[in-house]
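Scroll down for the structure; my scribbles are underneath it.
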Amino acid sequence: MERLPEYLILDHRVDRLSHQDLYRLQSERLRAMVAYCYHQIPFWRRKFDAAGLTPADIRGMDDLHRIPFCTKDELQEDQAQHPPFGSYVGIPRSLWAHYAATSGTTGRPLRRVLSARDWQYMIDRFRRNPTLGPGDIAVILGPVDALIGPMVSSETVAAMGAMVVQAGLYDSITKLRLISDLRPASVSGTASYLMYLAEVAKDNGIDLPGIGIRVLSAFGEPGIALEETRNRLRQAWGVNRIADGYGVTEIFPLGGNCAHSTSLHIASDLVGTEIVDPETGESLAPGEIGEVVITNLVGESQPLLRYRTRDISRLAVEAACTCGFTGSRLEGSIIGRVDDMIWLRGVNVFPSAIEAVVRKLPGLSPEYQIVINGENGLASLTIRAESSAENPSATELSALQERLGREIREAIRVSATIELVSPGSLPRPDGRSKLRRVVDRRR
Ligand SMILES: [Zn+2]
Numbered sequence: 013m014e015r016l017p018e019y020l021i022l023d024h025r026v027d028r029l030s031h032q033d034l035y036r037l038q039s040e041r042l043r044a045m046v047a048y049c050y051h052q053i054p055f056w057r058r059k060f061d062a063a064g065l066t067p068a069d070i071r072g073m074d075d076l077h078r079i080p081f082c083t084k085d086e087l088q089e090d091q092a093q094h095p096p097f098g099s100y101v102g103i104p105r106s107l108w109a110h111y112a113a114t115s116g117t118t119g120r121p122l123r124r125v126l127s128a129r130d131w132q133y134m135i136d137r138f139r140r141n142p143t144l145g146p147g148d149i150a151v152i153l154g155p156v157d158a159l160i161g162p163m164v165s166s167e168t169v170a171a172m173g174a175m176v177v178q179a180g181l182y183d184s185i186t187k188l189r190l191i192s193d194l195r196p197a198s199v200s201g202t203a204s205y206l207m208y209l210a211e212v213a214k215d216n217g218i219d220l221p222g223i224g225i226r227v228l229s230a231f232g233e234p235g236i237a238l239e240e241t242r243n244r245l246r247q248a249w250g251v252n253r254i255a256d257g258y259g260v261t262e263i264f265p266l267g268g269n270c271a272h273s274t275s276l277h278i279a280s281d282l283v284g285t286e287i288v289d290p291e292t293g294e295s296l297a298p299g300e301i302g303e304v305v306i307t308n309l310v311g312e313s314q315p316l317l318r319y320r321t322r323d324i325s326r327l328a329v330e331a332a333c334t335c336g337f338t339g340s341r342l343e344g345s346i347i348g349r350v351d352d353m354i355w356l357r358g359v360n361v362f363p364s365a366i367e368a369v370v371r372k373l374p375g376l377s378p379e380y381q382i383v384i385n386g387e388n389g390l391a392s393l394t395i396r397a398e399s400s401a402e403n404p405s406a407t408e409l410s411a412l413q414e415r416l417g418r419e420i421r422e423a424i425r426v427s428a429t430i431e432l433v434s435p436g437s438l439p440r441p442d443g444r445s446k447l448r449r450v451v452d453r454r455r
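Position one of the sequence shown corresponds to residue 13 (my numbering), numbered consecutively onward.
Next comes the structure, spelled out in structure tokens:
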């Protein structure tokens with residue numbers, strides 16, 4: 013049986029390597045990974061053979077683009093044919109140590125198995141930037157079971173000497189009482205739940221800003237990329253720092269923002285990061301928006317090469333962040349999913365860009381609907397939004413309509429018809445199923 017070399021992960025210098033040194037380190041790890049995948053893992057052997065590739069063809073990161081993509085559909089099919097973990101497992105049963113799974117929002121959940129070594133690598137990676145220490149408490153609001161991000165962050169908090177409180181089972185009021193009694197240094201949950209909890213606190217006379225929480229960690233929702241959402245959370249919870257994290261269950265928890273920037277700092281000694289055109293698969297330059305593609309450089313359990321995450325972002329243009337980090341950074345966080353993207357007359361429109369305009373314009377409720385009519389080549393866009401004023405005059409309404417139209421055009425470079433509807437008439441999220449705000453009527 014082949015095993016990958018052992019690497020030193022708990023070393024903060026890795027985040028500050030020069031471009032050249034990082035390229036060398038990534039290339040060396042990629043070569044070892046490709047050889048391991050080819051000789052140890054049937055799934056990858058089949059893919060390489062089908063593409064007419066051998067490990068010798070991949071000499072470094074510049075050759076990464078020659079490796080065929082890997083998709084979630086492919087992994088789901090493979091796990092169905094080869095239960096429980098698929099034919100892309102590199103370790104024998106005797107090394108299985110941790111179990112995780114995707115949360116299963118689309119289709120059958122994907123299962124993950126991890127060796128003790130891979131597990132420790134993830135914890136060591138997060139310990140490079142210790143945010144908590146002895147005497148600190150971290151409250152995790154959501155469920156933890158089988159979710160790779162919360163599981164690893166729980167163990168990381170403990171490894172830093174702080175105390176972790178898993179509060180996923182409790183109702184909102186119990187969670188709030190726990191928070192005001194324990195006075196934690198950090199609280200983590202999804203952005204929309206943190207927003208909701210702040211409302212419950214207000215209604216129940218709980219003074220959240222008075223608690224002295226330092227960091228609010230908001231994971232797993234593109235909404236946190238919006239400055240408006242961050243500001244609302246900062247005010248409601250009285251915190252300075254909003255930590256945004258990014259992870260892909262099929263790979264690893266990959267990284268997060270720093271105190272100086274909203275870009276996601278990706279652990280570039282663990283993975284290679286590319287941005288590709290979601291339609292053609294062509295590599296895109298830093299600054300260009302496209303699909304995030306991740307390659308495991310370490311990880312012996314279920315390594316993936318060129319995995320298409322369906323997440324949309326762009327790579328930072330500058331070589332390093334103000335904090336000194338020189339690895340890959342996803343600028344402006346994750347702005348949406350490929351599946352939510354609208355292709356309109358040759359332009360990509362992101363619903364999140366429209367959402368950002370609607371949410372920041374005074375006089376509108378947070379709800380909106382995007383309606384697309386016509387045929388592909390001649391499609392037209394209608395944005396339906398609600399005025400939030402009680403009895404707006406016709407002049408006020410037409411000024412609001414005009415301003416929304418102008419700001420949408422500036423934000424997405426496409427003109428839209430604006431329909432203002434009365435307050436409360438658009439569908440609202442019910443907290444159970446995902447609200448579809450895009451109505452595509454194209455043939
Ligand atoms: Zn930084």
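All residues carry an ideal CB built from backbone N, CA and C; glycine is no exception.
Nearest-angstrom Cα separation, counted from residue j out to residue i
{"i": "Ala179", "j": "Ser200", "result": "10 Å"}
{"i": "Ser313", "j": "Thr285", "result": "19 Å"}
{"i": "Gln88", "j": "Val433", "result": "42 Å"}
{"i": "Met134", "j": "Thr334", "result": "24 Å"}
{"i": "Gln32", "j": "Glu387", "result": "49 Å"}
{"i": "Ala411", "j": "Gly417", "result": "10 Å"}
{"i": "Gly259", "j": "Asn141", "result": "17 Å"}
{"i": "Ser127", "j": "His110", "result": "7 Å"}
{"i": "Arg123", "j": "Gln413", "result": "48 Å"}
{"i": "Ala210", "j": "Asp183", "result": "14 Å"}
{"i": "His24", "j": "Gly173", "result": "18 Å"}
{"i": "Ser400", "j": "Ser437", "result": "11 Å"}
Sequence-distant residues of its chain with Cβ nearer than 8 Å to residue i (five each side left out)
{"i": "Ile324", "result": "Pro290, Ile301, Gly302, Glu303, Val304, Ile346, Ile347, Gly348, Arg349, Val350, Met353 and Phe362"}
{"i": "Gly73", "result": "Note on identity: in this sequence residue 73 is Met, with Gly being the wrong assignment. Cβ within range, chain order: Tyr35, Gln38, Ser39, Leu42 and Gly284."}
{"i": "Ala203", "result": "Ala230, Glu233, Gly235, Ile236, Thr241 and Leu245"}
{"i": "Arg415", "result": "Leu373"}
Beta-carbon contacts of residue i that lie in its chain and below 6 Å, excluding the five residues immediately before and after
{"i": "Thr83", "result": "Arg320"}
{"i": "Leu188", "result": "Ala213 and Ile218"}
{"i": "Asn360", "result": "Met353"}
{"i": "Thr429", "result": "Thr394"}
CB contact flag (residue i, residue j, <8 Å)
{"i": "Gly98", "j": "Tyr48", "result": "no"}
{"i": "Leu238", "j": "Asp281", "result": "no"}
{"i": "Ile70", "j": "Arg57", "result": "no"}
{"i": "Ala397", "j": "Leu376", "result": "yes"}
{"i": "Leu181", "j": "Leu206", "result": "no"}
{"i": "Gly336", "j": "Thr274", "result": "no"}
{"i": "Ile263", "j": "Leu327", "result": "no"}
{"i": "Pro265", "j": "Val164", "result": "yes"}
{"i": "Glu240", "j": "Arg371", "result": "yes"}
{"i": "Ala331", "j": "Ile424", "result": "no"}
{"i": "Thr261", "j": "Ile160", "result": "yes"}
{"i": "Ala150", "j": "Ser198", "result": "yes"}
{"i": "Asp27", "j": "Gly339", "result": "yes"}
{"i": "Ala113", "j": "Ala158", "result": "yes"}
{"i": "Leu296", "j": "Thr307", "result": "no"}
Reduced DSSP secondary structure (H/G/I, E/B, other) of residue i
{"i": "Pro54", "result": "helix"}
{"i": "His94", "result": "coil"}
{"i": "Met207", "result": "helix"}
{"i": "Gln314", "result": "coil"}
{"i": "Ser273", "result": "strand"}
{"i": "Ala237", "result": "helix"}
{"i": "Pro265", "result": "strand"}
{"i": "Asn403", "result": "coil"}
{"i": "Phe362", "result": "coil"}
{"i": "Met175", "result": "strand"}
{"i": "Ala113", "result": "strand"}
{"i": "Ser295", "result": "strand"}
{"i": "Ala197", "result": "coil"}
{"i": "Leu376", "result": "strand"}
{"i": "Leu220", "result": "helix"}
{"i": "Phe337", "result": "coil"}
{"i": "Asp281", "result": "coil"}
{"i": "Asp33", "result": "helix"}
{"i": "Leu107", "result": "helix"}
{"i": "Ser229", "result": "strand"}
Spatial neighbours of residue i in its chain, beta-carbon cut-off 7 Å, leaving aside the 5 residues before and after
{"i": "Gly293", "result": "Phe81"}
{"i": "Arg449", "result": "Pro363, Tyr380, Gln381 and Ile382"}
{"i": "Ser166", "result": "Ile152, Val156, Val176 and Gln178"}
{"i": "Asp130", "result": "Gly311, Glu312 and Ser313"}
{"i": "Leu409", "result": "Ser399 and Leu432"}
Beta-bridge partners of residue i, as assigned by DSSP
{"i": "Glu286", "result": "Val305"}
{"i": "Ile395", "result": "Ile382 and Ile430"}
{"i": "Glu343", "result": "Arg326"}
{"i": "Asp183", "result": "Paired residues: none, contrary to the question."}
{"i": "Trp355", "result": "Asn360"}
{"i": "Cys82", "result": "Tyr319"}
Contact test: residue i Cβ vs ligand 3 heavy atom, cutoff 7 Å
{"i": "Cys270", "result": "What this structure holds is ligand 1, not ligand 3."}
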